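In what follows, a structure is listed as structure tokens, so that the remarks can point back to it.
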Amino acid sequence: MKLRSWALYGLLLAAAVGMAAAAGSRARRDSPVPSIDNPGPAGARAVYLYLKEAGFDVEVAREALTPIPPRIRTVVIAAPTARKIGREEIAALDAFAKAGGTVVFLGRRLEQNQPALADWLQAGAGPRPRTAIAETDPKAIDPAGADVDVWLSRAPLAGVRVLRVGNEPTLNLARKDALPAAGAGDAVAAWRVPRGSGDVFVLAGADLIENRRIELGGNLTFWHQLAAQGPILFDEFHHTAAGAPPLSTGVVAIVAQLAACFVLFALVRGARLGPPRPELPVRHRSTLEYLASFAWLTRRARVERELLRDLHTRFRVLLHDRLGVAVPLPDEEAARELERQCRIPVPETMDVLAELQALAAAPRVTPKQYAAVSRRLARIERVVTGRAAR
2 MKLRSWALYG LLLAAAVGMA AAAGSRARRD SPVPSIDNPG PAGARAVYLY
52 LKEAGFDVEV AREALTPIPP RIRTVVIAAP TARKIGREEI AALDAFAKAG
102 GTVVFLGRRL EQNQPALADW LQAGAGPRPR TAIAETDPKA IDPAGADVDV
152 WLSRAPLAGV RVLRVGNEPT LNLARKDALP AAGAGDAVAA WRVPRGSGDV
202 FVLAGADLIE NRRIELGGNL TFWHQLAAQG PILFDEFHHT AAGAPPLSTG
252 VVAIVAQLAA CFVLFALVRG ARLGPPRPEL PVRHRSTLEY LASFAWLTRR
302 ARVERELLRD LHTRFRVLLH DRLGVAVPLP DEEAARELER QCRIPVPETM
352 DVLAELQALA AAPRVTPKQY AAVSRRLARI ERVVTGRAAR
């Protein structure tokens, strides 16, 4: 391959890799998952980096939340949809809260996305906080958001008056021990569920942790006070989809059997090519071979009467061309003119012509007879053309 072809191939490959990287980067920026790995507007990367830079002890859970490390004081689960939170994990989180820890759930439509968690919290959909700010102030920083008042004066909401959330349906908890913590009118955006010596906070949606709203209202203060209680753990395990289950032994055995049957069928029914054949040399036919083939065809063919008549016509045309004997003259006069110019006796010429006429009138002519009369005429023609002497 030429250097130009290699260069073109490398350019196309680099372009394909660049397009794939750009598509992947755009997909990450536009992702709606509130993950600490997502730098987009709906991600939680900003609060994670802020807490780490502020010197707080921040950890990330990439495995199931069973068990929860003893040193952790706060567990944050931000609206996971890729995996379901199991009942064993809920029991571990409940025990963690009763032991003095703080659990923060963020999410909407729990009955659809996390049915086990919705059953434990007895959660259902609630009304929207208020009219979207976009309808009253189109130039607002967060036109799709809404402000909710804080009704709880203890940490992590101590000193916070307003939280910034999305103008989306809120949550209603039917538990008797659930206490409204923040909202607007009948719409409750945050709930506190006391569990032993700890608390479980349930927030309607991941609005408080999103990058686009982290600096609005008292959202950042809320996370600052949570991290101040002790090491905080962000759950990332439930943001990643579960891998495909491994193939069972039975499936592997069936695939192996089918592969063995296919190989056996190919060995039995397949054509064996064998070693490569040597290249045949290209050999052209000689003139002798053509003559031999023509002779063989002549021996196998019947002599047509047209050949005899053509032989006579060709002889008379030769006399006309060489000796000036007109073709329409009778054979006797042509023979006398031939004797006068070439000294061939008239009886010899007439005998050959008579034999030729007799064969032309015969019912069957053998190749031997045709060859004999042809040789006699050929001797006369050689004398006429000067190639032989009389």
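For the sequence shown, the tail end lands on 391 under this note's numbering, and the numbers increase by one without skipping. Every residue gets a Cβ at the ideal spot worked out from N, C-alpha and C, and that includes glycine. Predicted model only: the values in this text are computed from it and were never measured.
Put simply, of GLY325, ALA47, GLY125 and ALA182 the residue whose alpha carbon is nearest the alpha carbon of ALA159 is ALA182. For ARG129 and ASP236, the gap between their C-alpha atoms comes out near 27 Å.
Straight through space, the alpha carbons of VAL76 and ALA188 are spaced by roughly 25 Å. In the DSSP assignment, TRP297 falls within the alpha helix (DSSP H) that extends over 288 to 301. DSSP, reduced to helix, strand and coil, places GLY251 within a helical segment of the structure shown. Within the same chain, Cβ atoms closer than 7 Å to the Cβ of ALA83 are found at HIS239, HIS240, THR241 and ALA242, the five residues on either side in sequence being excluded.
For LEU234, DSSP records a beta bridge to GLU60 and VAL76. Note on geometry: alpha-carbon atoms of PRO195 and ALA179 lie some 7 Å from one another. ARG162 is positioned such that its CB atom lies no closer than 8 Å to that of GLY206. Contact between LEU324 and GLN342 holds, since their C-beta atoms are separated by about 5 Å, short of 8 Å.
Annotated three-state conformation of ASP148 is strand, per DSSP.
CA-CA distance, VAL203 to PHE106, rounds to 5 Å.
Burial is judged here by how many other beta carbons sit within 10 angstroms of a residue's own beta carbon; THR171 has at least 16 and is buried. Around the Cβ of GLY44, a 10 Å sphere holds 16 or more other Cβ atoms; the residue is buried. The Cβ atoms of ALA80 and PRO35 lie closer than 8 Å to each other. Nearest to PRO368 by alpha-carbon distance, out of PHE295, ALA47 and GLU333, is PHE295. In chain order, ASP332 place their CB closer than 6 Å to the CB of LEU354, counting only its own chain and leaving out the 5 sequence neighbours on each side. Taking C-beta atoms as the reference points, GLU90 and LEU111 fail to come closer than 8 Å.
Taken through DSSP and simplified to helix, strand or coil, ALA389 comes out as coil. Contact check for ALA147 against ALA191 fails: the beta carbons are separated by 8 Å or more. Inter-residue distance for VAL201 and ALA92 is about 13 Å (C-alpha atoms, whole angstroms). In the structure shown, ASP187 adopts coil according to DSSP, grouped into three states. Counting along the chain, the unbroken beta strand (DSSP E) around ALA205 starts and ends at 199 to 205.
The DSSP-derived three-state label of ALA65 is coil.
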